[in-house]
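What follows is one structure encoded as structure tokens, with my remarks underneath.
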Ligand SMILES: C[S@@+](CC[C@H](N)C(=O)[O-])C[C@H]1O[C@@H](n2cnc3c(N)ncnc32)[C@H](O)[C@@H]1O
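In the numbering used here, the protein residues as written are 12 to 313.
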């Protein structure tokens, strides 16, 4: 901050950085609002095939009965509902997300599932969690950090929210070439129109795909015992190529906007290409693409 006539003024570069980040968040809000209801509708197409990812996160997070857990970028409650089961009726899970519509869908699911020990809240940004310092034993973030413009701010905020000795576990994806869903869908769309850029800040599903960068985020914030794991696992499943393409076009916010803006003829050509491409990749049955999964864990110093 600088001072003009005794009034504190933001330093111009800091202010520009904040505005760029806020523009990126606003784009994320728009994109996730377009697909929030589809994420609830198609929930099991991600949760069941993605169970290996979630189980490995839960093993690392190791929440115990009665503990308080924070799930950042909770979406429609993956893994918040699993965490709620593990901490039991005496424990509490708080799911936080930038997207109001995602949080609304998660609340609807909580009511449907009768999950009384989990609460969902919207946050203004990844760096403003609005929770008491040291109030949580465990924190998770599944497929969320890569969308955040201020990842360092997010990890600092998680560190502040944990009690000393508390653990953070996060998951991101490998690069598009290592993740079949994105390799296939990027290929399909780019044969007809330019791909959406994903914003100037490089945020998107495969934006944080280096284990070293992921580990560096946690060590840089002050976490200790930071470890990464890289493995291949299924990401979603659909019964056939048409269902796989429907799943993608209903749950991928940036593509919803792009595809709905195209002339009918181009859209038809893309749809036909998609069915051919998925059928060729999965000739014998369900479409179950795998991808490179990155997990990172670290502890808040005692
Ligand atoms: C791929 S979904 C993952 C949801 C859930 N954790 C899962 O694994 O199914 C990404 C989520 O990140 C949220 N998100 C995007 N940018 C965010 C930000 N800056 N702060 C908090 N959440 C954000 C989105 O609203 C969305 O719910």
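Built from N, CA and C at the ideal position, the CB exists for glycine as well.
Take the alpha-carbon of residue 52 and the one of residue 87: they are about 10 Å apart. Here the region 235-243 makes contact with the region 299-309; the two share three or more CB pairs at distances below 8 Å. Judged by DSSP in its simplified three-state form, residue 42 adopts helix. By the neighbour-count criterion, in which 16 or more other beta carbons inside 10 Å mark a residue as buried, residue 217 falls on the buried side.
Of all C-beta pairs linking the region 188-208 to the region 168-180, fewer than three are shorter than 8 Å, placing the two stretches out of contact.
Cβ-Cβ separation between residue 126 and residue 102: approximately 12 Å, too far for a contact (criterion under 8 Å). DSSP places residue 274 outside both helix and strand once states are collapsed to three, so it counts as coil.
DSSP places residue 310 within a strand segment (E or B) once states are collapsed to three. Shortest gap from the CB of residue 242 to any heavy atom of ligand 1: 7 Å or more. Non-local C-beta neighbours of residue 286 in its own chain, meaning closer than 8 Å and more than five positions away in sequence, comprise 252, 253 and 256, ordered along the chain.
A straight line joining the alpha-carbon of residue 182 with that of residue 245 spans about 14 Å.
In this structure, 131 is the residue among 114, 110, 115 and 131 with its C-alpha nearest to the C-alpha of residue 95.
Going by beta carbons, residue 72 and residue 178 fall inside the 8 Å limit.
With at least 16 other beta carbons inside 10 angstroms of its own, residue 300 counts as buried.
If you draw a straight line from the Cα of residue 313 to the Cα of residue 195, it is about 45 Å long.
DSSP places residue 148 within a strand segment (E or B) once states are collapsed to three. A distance criterion of 7 Å places the beta-carbon of residue 268 beyond contact range of ligand 1, judged by its closest non-hydrogen atom.
For residue 95, the enclosing alpha helix (DSSP H) starts and ends at 91-98. As computed with DSSP, residue 295 is found in no beta bridge at all. Within the chosen limit of 7 Å, ligand 1 does not reach the beta carbon of residue 99 with any heavy atom. Contact check for residue 302 against residue 192 passes: the beta carbons are separated by less than 8 Å. Taking the Cα positions, residue 248 is about 24 Å away from residue 114. Residue burial is scored here from C-beta neighbours: residue 225 has at least 16 other C-beta atoms within 10 angstroms and is therefore classed as buried. Linking residue 28 to residue 160 through their CA atoms gives a straight-line distance of about 10 Å. DSSP places residue 168 in the helix class (H, G or I) of the three-state scheme. Pairing residue 289 with residue 140, the inter-Cα distance amounts to about 40 Å. A distance criterion of 7 Å places the beta-carbon of residue 258 beyond contact range of ligand 1, judged by its closest non-hydrogen atom. At a threshold of 7 Å, residue 110 counts as near ligand 1, since its beta carbon sits closer than that to one of the ligand's heavy atoms. Secondary structure note for residue 76: it is in no alpha helix (DSSP H), with a DSSP letter that is neither H nor E.
With contacts defined as CB atoms closer than 8 Å, residue 129 and residue 151 fail to qualify as a contacting pair. Under the three-state reduction of DSSP, residue 68 is assigned to helix.
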